[in-house]
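Following: one structure in structure tokens, then a few remarks.
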Amino acid sequence: MTEPTPAEPDPRAEPPAPLQVDTLRIVEIGIACWALALVAVLAVPALRTGERDWWLWVPVAGLGLGALGWAYLRRGRGNAADA
0 MTEPTPAEPD PRAEPPAPLQ VDTLRIVEIG IACWALALVA VLAVPALRTG ERDWWLWVPV
60 AGLGLGALGW AYLRRGRGNA ADA
């Protein structure tokens, strides 16, 4: 059996417009998720003992990097604000 060939896209069709996304809100949600992860690691001692002693620093790093990203976006520099 032969496979049907896919139809060629119409070269005259316009590409879809990019979605408008509130990047500041996305960063804030990410920071909240890292904060919840930090609370979970602090609440359950088994998650930060033994070979998992570095697990505590993962959400701390996530919070720190998220704060840097939030400050960057808050100043209006994210997502090519001048474009």
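Residues in the sequence shown are numbered from 0 upward in steps of one, following numbering that gives the first Met the number 0. The C-beta atom is built at its ideal place from N, Cα and C for all residues, glycine as well.
Within 9 Å, strictly: CB atoms of residue i and residue j
i          : j          : result
residue 30 : residue 65 : yes
residue 26 : residue 69 : yes
residue 51 : residue 42 : no
residue 18 : residue 72 : no
residue 61 : residue 39 : no
DSSP state of residue i mapped onto helix, strand, coil
i          : result
residue 12 : coil
residue 49 : helix
residue 57 : helix
residue 67 : helix
residue 38 : helix
residue 7  : coil
residue 44 : helix
Distance between beta carbons of residue j and residue i, contact taken as under 8 Å
i          : j          : result
residue 33 : residue 58 : 5 Å
Residue-chain proximity (residue i, chain D), Cβ-Cβ < 9 Å
i          : result
residue 26 : Checking the listed chains, one finds no chain D in this structure; it contains a single protein chain.
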